[in-house]
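So the protein sequences, as listed, match chains B and V.
Per the numbering used here, the first sequence runs over residues 1 to 490.
Per the numbering used here, the second sequence runs over residues 1 to 458.
Every residue gets a Cβ at the ideal spot worked out from N, C-alpha and C, and that includes glycine.
Notes for the one structure printed next.
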Amino acid sequence: MGEEPLYLEPRLEEPLRSLLESPGLLHTLTNALGSPLNVLLPDRIAANVERFRSVYRAHHLSGQVWFAHKASGSRALLRRLAATDAGVDVASLTELQHALGAGFTPDRIVATGPKNPPFLWLAARTSVTVAVDSRAELEHLVSLVRGHALSRARILLRLSGFESTGVRVLSRRSRFGSPVANVGPLLDEVERYGDAVELVGVAYHLDTTGLDEKAVALEGCLRVLEECRGRGLRPAAVDVGGGFGVSYVDEREQWERYTTALTDAVLGTRPPLTWGGHGYGLRNEGGTLRGTLGLYPAHRPVAGAGYLDELLSRPAASFGGRPLAALLLEHLYDLHAEPGRALVDQCGVTVAKVLEVRADDAGAQLLVRLAAKADDVALEDHGVLVDPVVVPRDPAGGRAGDGPVAVHLAGSLCLETDLITRRTVFLPRRPEPGDLLAFANTAGYCMDFRATRAQQQPAARKVAAWQEGGSWQWCLDDEYWPTVPVGGTQ
Amino acid sequence: MAMVSGRRVLADRTRGGNAVRYDSITEAIGNTPLVRIDPAVHGLEHIDLYAKLELFNPFGSVKDRAAWNMARPHLAAAVEHGSTVVELSSGNTAKALAVLAGMHGLRFKSVTNRMRVPEIKDLLLLLGAEIEELPGQSECLDPAATDDPLTLFHRTLSEPGGDYLHTDQYFNPHNVEAHLTGTGPEIVKDLDGRAPDWFVAGVGTAGSSTGIARALRETDPAVRVLGLVAAKSDFIPGIRTIDEVHEVGLFDPGTYDAIEAVSADEAIEGMLTLNRRCGILAGPTGGAAYQGAVRRLGALDAELTERQSAVFVVCDRVESYIGYVRERRPDLFGRPPRRNSPADLSDAEVRAAPAIGVADAQAWIATGRPLVVDLRSTFAYAALHIDGSVNIVDEVFEELLRGGLPFSRSRPVLLACPVGEKSARYAALLTRMGHPEVRSLTGGIVAWRDAGAPLVRD
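Take a look at the structure:
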């Protein structure tokens with residue numbers, strides 16, 4: 001290989017790191033259960049809850065951490081979470097059933113997102129908190145509660161369209177939530193429907209990495225809560241949604257070197273770094289770079305619980321510059337957060353078997369075909385670029401002369417576009433058929449969110465794994481309960 | 001060079017010091033001094049290093065030239081149509097355009113995703129600018145989405161009914177021209193008709209570096225040009241990173257003999273040298289240019305046998321960047337220790353602070369009539385508080401205590417904060433200051449609420 005390899009090595013923490021250092025187990029599992037295979041690490045989700053809790057504690061805030069269930073369909077993760085004190089945010093009828101069945105009591109469930117009648121009914125019937133998206137949904141809920149003689153429904157009002165003062169902070173338009181500018185008539189209805197609904201707080205969820213936008217929204221929610229109190233309502237909480245992010249790539253330098261090289265490749269000042277010269281949203285117009293890099297910021301110095309901490313530390317201009325956390329505390333509001341991706345950070349890995357390694361015509365790059373479809377490893381679909389880890393079939397078989405290689409990763413569909421990634425991936429050594437490629441940190445959105453059964457190929461099976469007495473144990477995802485590990489029966 | 005009634009008048013501050021009278025502030029744009037840096041400061045033995053002091057421009061920066069040159073041809077039409085002047089700028093260009101727009105009765109809007117210096121934001125608002133910040137990247141990314149914020153910005157400009165004067169500083173050739181016909185020739189004139197051997201500038205819009213380099217090379221094609229960019233994970237106001245410069249239409253890598261990265265630390269170090277040792281109140285961009293110049297030239301200096309000259313650009317002034325510098329170099333703002341500060345209490349003192357639980361506090365309020373001081377913000381106090389309490393926000397309370405005890409020693413005091421942490425600190429402090437009967441409400445207003453004790457709203 002003529003050029004310096006541009007690695008994007010994954011951030012690996014325990015117990016994911018130990019799992020990837022157990023090639024025997026990973027090969028046994030894929031031999032038995034097929035490729036691709038998703039391995040979940042349920043104990044890690046409990047550790048992640050604790051990280052969020054510690055941010056709450058640092059700011060003396062009470063309130064709940066709700067796992068945004070849509071990030072992962074794993075039963076093991078949800079059941080392990082049920083054994084903690086965290087809650088779950090469900091966005092469909094099946095997710096609600098799953099949460100109830102996994103052991104979450106209704107006080108630990110909040111129903112969000114677009115809802116169909118059975119979903120709304122089951123939520124109201126079981127007294128789950130409902131994040132109400134619009135006036136129409138509020139009216140629908142009220143008619144269900146009254147028509148079926150249900151007990152008063154606990155509701156959060158999801159708001160959108162927050163305005164800032166001074167500097168105008170623009171935000172992408174959202175399909176969800178009621179415009180905060182028209183909150184008055186909405187609160188009139190909440191008061192009028194006092195027999196059917198009880199307002200427990202307000203919520204927002206912004207799809208952005210921008211802290212300023214979220215700070216504007218949180219400040220806007222505080223003002224609405226004050227209006228509620230002025231009307232004699234008794235709201236107790238602000239739900240700040242999720243979007244706290246995950247850092248996938250371990251080293252900042254690697255990410256910076258790679259993105260600079262990608263820019264140079266698009267401008268034609270270095271050889272392409274992608275299949276067919278794809279620019280990930282960047283293009284070259286007469287020597288000037290145009291477009292926007294359509295990639296997730298794969299290395300993030302501040303993500304997850306740390307991001308929540310930064311948000312809470314922001315000053316609120318319309319409240320005399322007090323930090324948002326201090327305002328929540330002083331106003332006696334609970335803080336609700338709904339991390340999805342961030343709560344399943346480091347909670348899983350997708351492994352796929354190498355079927356074929358072929359040199360291209362020029363011999364410079366290798367084409368590696370995997371026993372997995374691109375939608376089984378949906379990192380690329382979410383704009384996440386990160387290297388897989390090679391798990392050799394025969395760890396003892398030394399291939400001393402082998403150096404780094406540049407490869408393209410192809411999926412198993414009979415389709416030109418079925419590439420695991422369009423990026424040229426640099427691996428520290430040439431993979432061989434029978435080796436496994438392990439895609440780390442796929443539990444959030446990148447395992448089952450987009451997986452299909454195209455060409456009647458099976459979707460990946462899921463297993464849960466944990467360490468007990470120094471060795472790895474596992475079971476099928478469906479079979480996992482908090483009682484299965486020996487420690488769990490105590 | 002300024003026009004007065006058709007005569008060309010040199011605003012020649014650098015030589016004669018003649019008083020110059022203008023009819024409009026815009027005539028004061030340009031003709032900035034070129035000042036030699038004392039060799040004892042930079043330590044170069046064979047190179048004369050000069051600073052082109054663009055901070056002398058009337059609105060405070062090198063961008064005054066470009067803003068005026070880009071806007072001037074279109075102002076009459078803009079006034080006629082009542083257009084809004086609009087630019088993607090996070091700093092000095094916005095500042096200059098805000099002033100120019102205001103002088104002509106036009107609105108100015110700055111759209112940005114890079115405005116990270118709070119003082120500049122406030123200054124722009126003060127000058128009457130509107131600021132729009134572009135949204136951050138989507139967290140649940142759709143790689144196929146095409147609605148990046150800049151595309152949306154350009155779409156807004158071309159919408160029917162929208163009347164905008166978009167100065168387009170990253171692509172507008174008038175930006176370069178301002179320096180090709182102004183800044184560059186001024187340098188040559190001040191060096192007695194010669195171009196310097198080296199020219200060093202930070203690359204932002206690339207307007208000044210491109211224009212000046214071109215003018216200097218017209219005099220002497222051998223001029224070497226060093227472009228400075230920010231290190232990739234760093235932020236220096238007014239300079240782009242190595243990736244970001246490629247997004248600039250005016251940027252042509254061929255302009256520069258070398259492009260080198262400068263860190264924010266180096267920029268501040270250079271700024272301090274200019275501020276403290278040269279009497280030049282440059283901002284961090286000027287500091288980056290100085291530091292980048294000395295770093296590069298220092299490596300060559302020893303091998304030189306004949307004298308050479310170098311010019312770097314000082315873009316703007318230090319005053320707007322106090323917050324930026326404080327964040328990175330808190331050590332520069334060391335302040336003398338204050339009296340009666342809760343910060344100098346020991347943990348033992350705080351632990352020993354007199355405290356009282358909710359039930360006892362309720363009884364004490366009924367019988368002992370303590371003054372109840374609520375340390376939370378006015379907004380939280382207004383929403384709900386203990387009946388009869390007084391609100392003194394913690395920040396104000398801290399200021400008050402610096403002057404001494406604000407209560408009579410004969411008046412018992414109950415301090416309340418959200419969770420009993422701050423109130424314990426202040427109870428310890430008041431005790432240390434000699435107050436005999438002060439107590440902290442254990443668990444704070446939160447515990448008070450949780451115990452079901454009454455909170456009122458007046």
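By the 10 Å Cβ neighbour count, where 16 or more other Cβ atoms means buried, how is Glu468 (chain B) classified, buried or exposed?
exposed
Compute the distance between the beta-carbons of Ala131 (chain B) and Ala111 (chain B), then report whether it is under 8 Å.
yes
Nearest chain V C-beta to Glu256 (chain B) closer than 8 Å, yes or no?
yes
Report the residue ranges of all beta strand (DSSP E) runs contained in full by the region 111–171 of chain V; include only those spanning at least 3 residues, in chain order.
130–133, 164–166
Counterpart residues of Gln308 (chain V) in DSSP-defined beta bridges:
V:Ile47
Would you say Thr285 (chain V) and Asp316 (chain V) are within 8 Å of each other, going by their C-beta atoms?
yes
Hey, Gly357 (chain V) and Thr442 (chain V): beta-carbon distance below 8 Å or not?
yes
In chain B, which residues lie less than 7 Å from Ala424 (chain V) when you measure between Cβ atoms?
Within chain B, no residue comes near Ala424 (chain V); the closest Cβ sits about 13 Å away, beyond 7 Å.
Please go through the region 274–342 of chain V and give each complete beta strand (DSSP E) segment of 3 or more residues, from N-terminal end onward.
308–314
DSSP three-state call for Val225 (chain V): helix, strand or coil?
strand
Tell me which residue opens and which closes the beta strand (DSSP E) that Phe67 (chain B) is part of.
66–68
Does chain V have any CB closer than 8 Å to the CB of Glu338 (chain B)?
no
Reduced DSSP secondary structure (H/G/I, E/B, other) of Glu414 (chain B)
For the sequence presented, residue 414 (chain B) should be read as Cys rather than Glu. If DSSP states are grouped into helix, strand and coil, Cys414 (chain B) belongs with coil.
Looking at Val248 (chain V) and Thr205 (chain V), is the spacing between their C-beta atoms short of 8 Å?
yes
His42 (chain V), DSSP secondary structure in three states
helix
Start-to-end residues for the alpha helix (DSSP H) that takes in Ser54 (chain B):
42–58
Measuring CA to CA, which of B:Gly103, B:Leu96, B:Phe104, B:Thr105 is closest to Gly113 (chain B)?
B:Leu96
Does the distance from the CB of Asp89 (chain B) to the CB of Leu156 (chain B) come in under 8 Å?
no
Measuring only the C-alpha atoms, how far is Arg79 (chain B) from Ala464 (chain B)?
11 Å
Taking buried to mean at least 16 other C-beta atoms within 10 Å of its own C-beta, is Cys221 (chain B) buried or exposed?
buried
Short of 9 Å Cβ to Cβ, which residues in the region 230–248 of chain B face chain V?
Gly230, Gly242, Gly243, Phe244, Gly245
For Gly340 (chain B), which option in B:Arg11, B:Phe244, B:Val128 has the closest C-alpha, if you only look at C-alpha atoms?
B:Phe244
Along the chain, where does the beta strand (DSSP E) containing Leu157 (chain B) start, and where does it finish?
153–160
The region 296–308 of chain B: which residues have C-beta closer than 9 Å to a C-beta of chain V, in chain order?
Tyr296, Pro297, Pro301
Would you identify the three-state DSSP class for Val203 (chain V), choosing helix, strand or coil?
coil
Please state whether DSSP places Gln467 (chain B) in a helix, a strand or coil.
strand
Exposed or buried, which one is His174 (chain V) when buried takes at least 16 other CB atoms within 10 Å?
buried
Using only the alpha-carbon positions, how far apart do Arg429 (chain B) and Ala83 (chain B) sit?
42 Å
So for Pro485 (chain B), helix, strand or coil by DSSP?
coil
For Gly292 (chain V) and chain B, any beta-carbon pair shorter than 8 Å?
no
Which class does His98 (chain B) belong to by DSSP, given the choice of helix, strand or coil?
helix
Over what stretch of residues does the alpha helix (DSSP H) that includes His246 (chain V) continue unbroken?
Unbroken run through His246 (chain V): none, as it is neither H nor E.
DSSP state of Thr26 (chain V), grouped into three classes?
helix
Where Lys52 (chain V) sits in the DSSP three-state scheme
strand
Nearest residue (CA-CA) to Glu416 (chain V), options V:Glu437, V:Asp394, V:Trp198
Checking the displayed sequence, the identity of residue 416 (chain V) turns out to be Ala instead of Glu. Closest by alpha carbon: V:Asp394.
Contact between the region 305–317 of chain B and the region 205–217 of chain B: three or more CB pairs below 8 Å?
yes
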